[in-house]
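Residue numbers (this note's numbering): 13 to 122. All residues carry an ideal CB built from backbone N, CA and C; glycine is no exception. These figures come from a predicted structure and were not determined experimentally.
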């Protein structure tokens with residue numbers, strides 16, 4: 013295993029900058045330079061896959077563990093709202109919207 017980049021800012025959308033982790037991929041060729049990673053179709057695909065998985069994980073948490081998700085949402089809702097505003101992909105916007113929590117006149121306050 014080879015560390016290609018310690019802080020890869022373009023591997024996730026900017027609004028997911030609160031997510032920390034390690035990406036282990038066998039698909040990245042060893043001869044790919046750090047500079048070429050910025051515009052690589054492989055990195056774009058990896059970015060889409062990671063974003064989708066993170067969104068699905070958060071959606072799952074929001075349904076299975078409502079109390080903890082609400083605590084998470086209290087701390088990180090600005091990032092989620094930033095995602096809605098900055099994302100160009102309509103499908104991704106719809107998936108992010110499932111994470112939003114807000115009061116409405118249809119339900120009791122709280």
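DSSP-derived helix/strand/coil call for residue i
i	result
residue 95	helix
residue 69	helix
residue 24	coil
residue 82	helix
residue 59	helix
residue 116	coil
residue 31	coil
Minimum C-alpha distance to residue i - residue among the options
i	options	result
residue 108	85, 55, 80 and 116	85
residue 38	80, 76, 58 and 87	58
residue 95	53, 61 and 112	112
residue 52	81, 20 and 79	20
Residue j beta carbon less than 8 Å from that of residue i
i	j	result
residue 64	residue 25	no
residue 99	residue 105	yes
residue 3	residue 66	This structure cannot speak to residue 3, because the chain is shown only from 13 to 122.
residue 110	residue 71	yes
Inter-residue CB distance, residue i and residue j (contact presumed, cutoff 8 Å)
i	j	result
residue 27	residue 91	5 Å
residue 30	residue 88	6 Å
heavy atom of the ligand NAP below 7 Å from residue i C-beta
i	result
residue 62	Questions concerning the ligand NAP fall outside what the structure shown contains, since it holds no ligand whatsoever.
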